[in-house]
Structure formats: C-alpha cells, structure tokens
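2 protein chains.
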Amino acid sequence: MALSTRIKGSPTAPRISDEALRPFVGYSIKRAMNVIRADLRDVLDPMDLRMITFSALTLIGDNPALSQAQLAAALSVERPNLVAVIDELYGRGLISREKVPTDRRTYALRLTTQGARLLARATEAVQAHEDKLLEGLDPDDLATLRRVLADIERNGTERS
Amino acid sequence: MALSTRIKGSPTAPRISDEALRPFVGYSIKRAMNVIRADLRDVLDPMDLRMITFSALTLIGDNPALSQAQLAAALSVERPNLVAVIDELYGRGLISREKVPTDRRTYALRLTTQGARLLARATEAVQAHEDKLLEGLDPDDLATLRRVLADIERNGTERS
DNA sequence: CCAGATAGATACAAGGTATAACGAAGGAGC
DNA sequence: GCTCCTTCGTTATACCTTGTATCTATCTGG
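Residue numbers (the numbering used here), protein chains in the order written: chain B, 8 to 167; chain C, 8 to 167.
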C-alpha cells in the first residue's frame, strides 16, 4: 500500500512513501479503523445512528435491564460520555428507562419495540458492511486477527 | 445471549457481556485502537507530541522536501487538518518550510536538526511502547495482522 | 448513624475528522 | 497571449470522540 499511495490524477506530485510508519502496527490499525469508520458512517447515517448509539442499542438488546454504568463498562467508555447517548436513544423512543426499586440511583435500560426494529435493520446493514469489507479474506486469517487484537487489548489494559 | 450472572454478595454491579458486538471485526479493531491511543498518548505527551505530529515528523524525515499535500495524501488526512500540525511543528522549530522555485504554491518540508533529534527520541519511545504492547505475540500472527489490516484498508478504499 | 463508594448528570477541554470556500499559482488547449 | 480548470495552502465551521473534575442523590459497610 505504501507504493500505491497515489495523489488523485496529479502528474506533478509524485507518490510519497509511508514505509517509515508501517513498522508500527498501531499505524496499520489506525488506517484500517479510519476506513471502517468512514464506511460505517455511510451505512449508519441513513438510520440516524452512530457507532456509539448502535453499539449501545446492541448491548441493551443483548443485556436487558442493564444500567448505564454497566453499559459504560462493557463499552469501555466513561460514564459521562454515555449520558448524551442514552438521552438521544430515549428521546427517540428507542429505549425505555425504568426506575429500579432496589436501587433508586439506577435505571434499567431496555429496547422498545421500535428500538428492537431499528436495531434489527441496523445490524443487518452493519453486517453487510462488514461482509463487503472482509470480502475475499481468509477465515483463518480473520480468526487470527480477532485473537491478536484481543491480545493487544489485554496487553494494554493489564499494565495500566 | 448474555450470561449476566448476578453474584449476590458482589459489592459492585455485575459485569455485562459485549458478545453481541464481538462478531464485528470493526468492534475489536476499535477497542484495540482505543487501548493503543491511550498508551501512545502517555508515551508522546512528555515530548509534546501527538499521533499526528509524530506521524508527520516521521514522514517528513523519510521523505525530505515533500509538500503538505503529499504529506496529507500519504497520511490519509484532509489537507485542512494538516495546517495546524505544520504550523505547530514549524513554530517549534522542528521543521523548515522552503519556498519551491518551480512551484511557488508549495513548501518543501524538511526536518531541522532539532526536529531530527526529537524524532529520534520519539521513535525510540514509540518502538518501546509497541514492543510492550506486542509482547508475547507470535511473529507470524503479527505478520498476518499487518497483511489482513492492509487488505481491509484496500477493500474499503477501492470501493469508494 | 456515619463515612466512603457508586450512579447518573453537568460542564468543560482537547483531539480528531470532514466539508465548503477562498486567493494564489500552475497547466492544457486554443 | 488568454481562457478554463485544477491544485496548494488556508480559513472557517461542524460534528464526533474521549477524558477529567465536580455535583447530587443514593447505597453499603461498620
């Protein structure tokens, strides 16, 4: 890819190499992530969803009655950053917030039928996006990818 | 589904599963990237560098006299977003900007001796950060990781 | 009951990314 | 020479993401 970094149609500007950064795995991960985010944004935009709102919907659907703190921990985001997300989902009628009698500080989050319906549509769209992005890749390589990424995440969080 | 096993005596809220998101490779990439960014930030902060300024310094060092547009293309960032970066590096005396006589629109970017010195220090620190993060991982798996990430990036950029 | 911890919220700061549009300059074709 | 179009660096803007400090209400353990 370093050699194919082209400048659109420009005859004067020669291609520049980013080989000096390629040895860093973080650089490759970042570039791949940027591509995924841009593509995913196009996929979720028509449904007025973002990465974080889609992720939140998915986890709420899979873990009914969870609290915001639990959701934040599962998504590895700070609690304050979830407030606006929950507000938005609640305001759009996609989730419900029930007071929990045993702990009056927390809310129990659940999908509404509307939320479940949107989530189903979004999940299908995101799956199609991934299928295209991973088209032609070896399943064994993808398994290795997942495993190594998990190892990196663990290596980084354990030592903090 | 999720196995949110509530332990009665647990003082804190039970852990929630994110298994519903794990099938998406993008999710794993994002989580790994978050860990890397946080760790890299701690590494670069003492040198007053960010990911983007470090990357820019590296490419300028490896491709002397390149222009901002070439740098932006190589880093896959939009040209406007590079202006502040170049301004900062120039203002700190880490790079030079020479007018190019053959094209008076562009600047030729080069490292100053000070910039080269800082880059050497930073590169060493970043390499140490990566070594720790990739500690214990199989070299073949890492090679696969790089290859698959490059494939994903190509898959995503080709189809735009 | 009290001290400390936790849940949700508010405010704020800093980065990252994308787009539109501008003036200056270059290039191709006539 | 002289259009027409493109590219370069730039400004302004908007939105998203992430993190920290702080507040309150509430819970929990001693």
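All residues carry an ideal CB built from backbone N, CA and C; glycine is no exception. Values in this document were obtained by computation on a predicted structure and should not be read as measured data.
Considering only the alpha carbon of each residue, which of L89/B, Y34/B and M54/B lies closest to I43/C? The shortest C-alpha separation from I43/C is found at Y34/B.
Rounded separation between M58/C and D25/B - CA only: The straight-line gap from Cα to Cα measures roughly 14 Å.
Please go through the same chain and pick out, in chain order, the residues whose beta-carbon is closer than 6 Å to the beta-carbon of L149/C, but skip the five residues on each side of it. Once the five neighbours on either side are set aside, L149/C has no close Cβ partner at all.
Counting only Cβ-Cβ distances shorter than 8 Å, please list the residues of the region 63–82 of chain B near chain C, keeping chain order. Closer than 8 Å at the C-beta level to chain C, one finds these residues of the region 63–82 of chain B: T65, L66, G68, D69, N70, L73, S74, A76, Q77, L78, A80, A81 and L82.
On the three-state DSSP scale, how would you describe L82/C? The answer is helix: DSSP assigns L82/C an H, G or I state.
Taking any Cβ of chain C, which residues in the region 104–115 of chain B have a Cβ under 7 Å from it, in chain order? Hits within the stretch: zero.
Counterpart residues of Y114/B in DSSP-defined beta bridges: The partner list for Y114/B (beta bridge, DSSP) reads K106/B.
Test: D158/C CB closer than 8 Å to a CB of chain B: Yes, contact with chain B.
Do L118/C and L152/C have their C-beta atoms within less than 8 Å of each other? No Cβ-Cβ contact shorter than 8 Å links L118/C with L152/C.
With distances taken from CA atoms, which of V50/B, R112/B and L51/B is nearest S74/B? Considering only alpha carbons, the answer is R112/B.
Residues of the region 138–162 of chain C whose Cβ lies closer than 9 Å to any Cβ of chain B, in chain order: Residues passing the 9 Å Cβ filter: K139, L140, L141, E142, G143, L144, D145, D147, D148, L149, T151, L152, R153, R154, V155, L156, A157, D158, I159, E160, R161 and N162.
Members of the region 117–131 of chain B that neighbour chain C once the beta carbon cut-off is set at 7 Å: So the list is empty, because no residue satisfies the distance condition.
Minimum Cβ-Cβ distance from E165/C to chain B less than 8 Å: For E165/C, the answer is no, since every Cβ of chain B falls outside 8 Å of its Cβ.
When Q77/C, L116/C and T109/C are compared against S103/C, the one with the closest alpha-carbon: Across the set Q77/C, L116/C and T109/C, the C-alpha of L116/C shows the shortest separation from the C-alpha of S103/C.
Could you check the C-alpha separation between G68/B and G163/B for me, to the nearest Å? Rounded to whole angstroms, G68/B to G163/B spans 29 Å at the Cα level.
As assigned by DSSP and simplified to three states, the class of S141/B: A quick correction: the sequence has Leu, not Ser, at residue 141/B. If DSSP states are grouped into helix, strand and coil, L141/B belongs with coil.
List the residues of chain C that R38/B touches, going by C-beta distances under 8 Å, in chain order. What R38/B touches in chain C: S83, L156 and E160.
Taking buried to mean at least 16 other C-beta atoms within 10 Å of its own C-beta, is T60/C buried or exposed? Within 10 angstroms of the beta-carbon of T60/C lie 16 or more other beta-carbons, which makes it buried.
One question on the structure: do S62/C and L28/B come within less than 8 Å of each other, judged by their Cβ atoms? Yes. Within cutoff.
Reference V92/C; option with closest CA among L56/C, L51/C and E142/C: Residue L56/C is the option with its Cα nearest to V92/C.
Check whether the Cβ atoms of Q121/C and G100/C sit closer than 8 Å, and answer yes or no. Yes, the pair counts as a contact, with Cβ atoms nearer than the cut-off.
L73/B bridges to which residues according to DSSP? Residue pairing for L73/B: DSSP places it in a beta bridge opposite L116/B.
Chain B residues whose Cβ lies nearer than 7 Å to that of I102/C: None at all; the shortest Cβ gap to chain B is about 15 Å.
Mind pulling the chain C residues with CB within less than 7 Å of G33/B? In chain order: I43, L47 and E137.
Indicate whether at least one CB of chain B lies closer than 8 Å to the CB of I59/C. No, because no Cβ of chain B sits closer than 8 Å to the Cβ of I59/C.
Nearest to V32/C by CA position, among I36/B, R86/B and P71/B, is which residue? From the listed residues I36/B, R86/B and P71/B, the smallest Cα separation to V32/C is found for I36/B.
Simplified DSSP assignment, three categories, for S2/C: A query on residue 2/C cannot be resolved here, the shown segment of chain C reaching from 8 to 167 and no further.
Excluding the five sequence neighbours on either side, which residues of its own chain have a C-beta within less than 7 Å of the C-beta of D46/C, listed in chain order? Spatial neighbours of D46/C in its own chain (CB-CB distance under 7 Å, excluding positions within 5 residues in sequence) are listed in chain order as H136 and L140.
Mind reading off the beta-carbon distance from E105/B to Y114/B? Whole number of angstroms is fine, and I expect it under 8 Å. Confirmed, about 7 Å.
D158/B, enclosing alpha helix (DSSP H) - first and last residue: Under the DSSP assignment, D158/B falls in the alpha helix (DSSP H) whose first and last residues are P146 to E165.
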